[in-house]
Amino acid sequence: MITDAQPPLRPWQQAWRLLAAAALGMVLWILTAAQLPPGSADPRIQWLITGDPLVALVCLAVLPWRRRFPVVVAMAVILLATVSVVAGGAAMYALGSLATRRRPVETSVAALLCVVTAMPTFGLYPSRDAPAPLWLMLGVSVLAVGIVVAVGAAVGARREELRSLRARAESAEREQAARSAEARILERHRIAREMHDVLAHRVSLVAMQAGVLGHRTDLPADQVAELARGIADGSHQALEELRDVLGVLRAGPEGLEPPQPSFADLPALVADARGLGLEVTLTATTDGSPPDAIARTVYRIVQEGLTNVGKHAPGARVAVTVEGGPGAGLRVTVRDSGASLAVAGPPASGFGLLGLAERVALAGGQLDHHADPGGGFVLAARLPWPVREGSE
35 MITDAQPPLR PWQQAWRLLA AAALGMVLWI LTAAQLPPGS ADPRIQWLIT GDPLVALVCL
95 AVLPWRRRFP VVVAMAVILL ATVSVVAGGA AMYALGSLAT RRRPVETSVA ALLCVVTAMP
155 TFGLYPSRDA PAPLWLMLGV SVLAVGIVVA VGAAVGARRE ELRSLRARAE SAEREQAARS
215 AEARILERHR IAREMHDVLA HRVSLVAMQA GVLGHRTDLP ADQVAELARG IADGSHQALE
275 ELRDVLGVLR AGPEGLEPPQ PSFADLPALV ADARGLGLEV TLTATTDGSP PDAIARTVYR
335 IVQEGLTNVG KHAPGARVAV TVEGGPGAGL RVTVRDSGAS LAVAGPPASG FGLLGLAERV
395 ALAGGQLDHH ADPGGGFVLA ARLPWPVREG SE
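First residue of the sequence shown? That's 35 in the numbering used here, and the numbers climb one at a time after it.
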């Protein structure tokens, strides 16, 4: 019978266990020899000197197989101990090893067999004293076997507890590694979204102005100078924003967050887009100022909408509408009339609207974007605006 998988013992661990079993057997042998009648010529004494130790050696030789075949080894050693006092140490150790498995049926059968076979061993050799009463021999056998089984069960329980703790530690390490990997992925996504939100708007408008300069050769000198100044100013602002983001990333977890846009920054965002050549109107009809998290999401929606117009619909008229109030929610719409200039825009990343959808979903809102049947494109979002306690 094959046992449950157990780690193999090192040679020195195996050796001291066998030595302990042999030492116990030698103690039993010395006690038995001390009880022999002096001057006796009983032939059993010769067996005590020669055969008894040989049987014990056989038992000790099979003990290293006890972890692989625990029941077979234990039963065989216990039966051999019937004709060998020295093998009693090996039998006790085999029984204890079997008890560490904590299987009551097989342990009980082996313990009963050990008690039964111990009875003939008491009368195996002649003694100078009168034989002990049967109840005393039975009691000693039951007590010894009970102690061995109890110790073995305790050792088995300890091993099982250590295996459980080790399995929990390994599971915790795997979970920690998984959480760390997930955190790294989320942080990368956050950095990518932040870089996109900060730089894409600025760079796309600069690219639009550069495209106008490259395609319109009939512009007056004052308009060319104005576009050139806009390109220079936009590039400078893009570098400043990039420097701010990189400074926060270099600062590590304890670094300060860059200033976050708010609802009050929307007019400045629209004015900035107008200064770069977009025809933008802003209509904001809200009942008060939304919470900071919602306000930042509104700013990013409008920013992404204006960025996309600059990329894909240069020369379009843009209408930005923000309306709502506490309890009713907030609706943001960026609608353009379609491109009026044939200017090649900068390459699209394809992740702007995807990242914006994630941001809106985290805020508990819904994002919608589609082509307008009348021409142009519509970017709309609905965001929650909870009623603050005590506001009524």
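Glycine included, each C-beta is placed from N, C-alpha and C at the ideal position.
Sequence-distant residues of its chain with Cβ nearer than 6 Å to Leu290 (five each side left out): The residue given as residue 290 occupies position 256 in the sequence shown. At Leu290 the pLDDT is 47, less than 50, meaning the model places this residue with poor confidence and gives no usable figure here.
Exposure of Ile83, with buried meaning 16 or more beta-carbon neighbours within 10 Å: Numbered from 1 along the sequence shown, position 49 holds the residue referred to as residue 83. Answer is exposed; the Cβ neighbour count stays below 16.
Nonlocal neighbours in the same chain, by C-beta distance under 8 Å from Gly398, ignoring five residues either side: Within the sequence shown, the letter at position 364 stands for residue 398. The residues are Leu417, Pro418.
Simplified DSSP state of Gly389, which is helix, strand or coil: Residue numbering aside, residue 389 sits at position 355 when the sequence shown is read from its first letter. Reduced to three states, the DSSP call for Gly389 is helix.
Chain-order list of residues whose beta-carbon lies under 6 Å from that of Val366 (same chain, five-residue window excluded): Residue mapping note: residue 366 aligns to position 332 of the sequence shown, counting from 1. If we look at Val366 and ignore the five residues flanking it on each side, its Cβ neighbours are Val332, Ile335, Val356, Ala415.
Straight-line gap, Arg136 to Leu129 (C-alpha atoms, nearest Å): Position 102 of the sequence shown, counted from the first residue, corresponds to residue 136. Position 95 of the sequence shown, counted from the first residue, corresponds to residue 129. Straight-line Cα distance between these residues: approximately 12 Å.
Per-residue DSSP class, three states only, for Ala362: Walking along the sequence shown from the start, residue 362 turns up at place 328. Here Ala362 sits in coil by DSSP.
Meets three-Cβ-pair contact criterion under 8 Å: the segment 159 to 166 and the segment 182 to 189: no
Simplified DSSP assignment, three categories, for Ala110: In the sequence shown, residue 110 corresponds to position 76, counting from 1. Three-state result, Ala110: helix.
Val332 in three-state terms, based on DSSP: As a working note, residue 332 is residue 298 in the sequence shown. Val332: helix per DSSP, three-state reduction.
Contact set for Ile265: own chain, Cβ-Cβ below 7 Å, skip 5 residues either direction: Reading the sequence shown from its first residue, position 231 is the one you call residue 265. Result list for Ile265: Val240, Gln243, Ala244, in chain order.
Given Leu158 as reference, the closest of Trp99, Leu364, Val117 once Cα atoms are compared: Taking the sequence shown and counting its residues from 1, one reaches residue 158 at position 124. Answer by Cα proximity: Val117.
Three-state class that DSSP yields for Gly289 in the structure shown: Your numbering for residue 289 matches position 255 in the sequence shown. Because Gly289 sits at a pLDDT of 46, beneath the cut-off of 50, its placement in the model cannot be relied upon, and the following sentence gives the value as read from the coordinates. Coil, per DSSP.
Helix, strand or coil at Gln294 [DSSP, three-state]: For the purposes of this step, residue 294 is taken as the residue at position 260 of the sequence shown. Reduced to three states, the DSSP call for Gln294 is coil.
Three-way DSSP call (helix, strand, coil) for Phe156 in this model: Looking up residue 156 in the sequence shown gives position 122. Three-state result, Phe156: helix.
Proximity below 8 Å, CB of Ala215 to CB of Tyr127: Your numbering for residue 215 matches position 181 in the sequence shown. Your numbering for residue 127 matches position 93 in the sequence shown. In this structure, Tyr127 does not lie closer than 8 Å to Ala215 by Cβ.
CA-to-CA distance, Arg200 to Glu207, given in whole angstroms: Locating residue 207 in the sequence shown gives position 173, where the first residue counts as 1. Locating residue 200 in the sequence shown gives position 166, where the first residue counts as 1. When rounded, the distance between both Cα atoms is 11 Å.
Limits of the unbroken alpha helix (DSSP H) element including Val89: Residue numbering aside, residue 89 sits at position 55 when the sequence shown is read from its first letter. Element bounds for Val89: 85 to 96.
Contact belief for Val352 with Glu392 at Cβ below 8 Å, rounded distance in angstroms: What you label residue 352 is simply residue 318 of the sequence shown in a count that begins at 1. What you label residue 392 is simply residue 358 of the sequence shown in a count that begins at 1. The Cβ separation is near 24 Å, so there is no contact.
Burial state of Ser74 (16 or more Cβ within 10 Å): For the purposes of this step, residue 74 is taken as the residue at position 40 of the sequence shown. It counts as exposed.
CA-to-CA distance, Ile79 to Leu52, given in whole angstroms: As a first step, residue 52 is located in the sequence shown; it is residue number 18 there, counting from the start. As a first step, residue 79 is located in the sequence shown; it is residue number 45 there, counting from the start. Cα-Cα distance, rounded: 26 Å.
Straight-line Cα distance separating Arg218 from Val368: If you number the sequence shown from 1, residue 368 lands on position 334. If you number the sequence shown from 1, residue 218 lands on position 184. Between Val368 and Arg218, the C-alpha separation is close to 33 Å.
Span of the beta strand (DSSP E) around Val412: Translated into the one-based positions of the sequence shown, residue 412 becomes position 378. Note, Val412: beta strand (DSSP E), 411 to 417.
Beta strand (DSSP E) segment containing Leu401, residue limits: Numbered from its first residue, the sequence shown carries residue 401 at position 367. From DSSP, the beta strand (DSSP E) with Leu401 extends over 400 to 405.
Range of the contiguous beta strand (DSSP E) that encloses Ala318: For the purposes of this step, residue 318 is taken as residue 284 along the sequence shown, with counting starting at 1. Per DSSP, Ala318 belongs to the beta strand (DSSP E) from 313 to 320.
Neighbourhood of Leu316 by C-beta, 6 Å cutoff - its chain only, sequence neighbours within 5 removed: Residue mapping note: residue 316 aligns to position 282 of the sequence shown, counting from 1. Cβ within range, chain order: Val304, Val354.
Contact check, Asp59 vs Val120, beta carbons under 8 Å: Taking the first residue of the sequence shown as 1, we reach residue 59 at position 25. Taking the first residue of the sequence shown as 1, we reach residue 120 at position 86. Note on identity: in this sequence residue 59 is Gly, with Asp being the wrong assignment. For Gly59 and Val120, yes; Cβs fall inside 8 Å.
Same chain, Cβ closer than 6 Å to Ala307, five either side skipped, listed in chain order: Taking the sequence shown and counting its residues from 1, one reaches residue 307 at position 273. The answer, listed in chain order, is Val314, Leu340.
Residue range of the alpha helix (DSSP H) that includes Thr66: By 1-based counting over the sequence shown, the position of residue 66 is 32. It spans 45 to 68 - the alpha helix (DSSP H) in which Thr66 sits, taken as one unbroken run.
Own chain residues within Cβ distance below 7 Å of Ala145, not counting five before or after: Translated into the one-based positions of the sequence shown, residue 145 becomes position 111. Correct list, in chain order: Leu129, Val179, Val183.
Rounded separation between Thr151 and Leu168 - CA only: Taking the sequence shown and counting its residues from 1, the one referred to as residue 151 is at position 117. Taking the sequence shown and counting its residues from 1, the one referred to as residue 168 is at position 134. Cα to Cα, the separation comes out at about 13 Å.
Alpha-carbon spacing of Gly410 relative to Ala347, whole angstroms: On the sequence shown, position 376 is the one that residue 410 refers to. On the sequence shown, position 313 is the one that residue 347 refers to. Those two C-alpha atoms are separated by around 8 Å.
Residue interval of the alpha helix (DSSP H) (run including Leu253): Within the sequence shown, the letter at position 219 stands for residue 253. Element bounds for Leu253: n/a, residue is neither H nor E.
Alpha-carbon to alpha-carbon, Asp406 and Leu388: Looking up residue 388 in the sequence shown gives position 354. Looking up residue 406 in the sequence shown gives position 372. Distance between the alpha carbons of Leu388 and Asp406 is about 20 Å.
Proximity below 8 Å, CB of Val143 to CB of Leu114: Working through the sequence shown from its first residue, we reach residue 143 at position 109. Working through the sequence shown from its first residue, we reach residue 114 at position 80. No, the pair does not count as a contact, with Cβ atoms beyond the cut-off.
Presumed contact (8 Å Cβ cut-off) between Ala166 and Ala124, rounded CB distance: In the sequence shown, the residue the question calls residue 166 occupies position 132. In the sequence shown, the residue the question calls residue 124 occupies position 90. The pair is not a contact, with the Cβ atoms about 23 Å apart (cut-off 8 Å).
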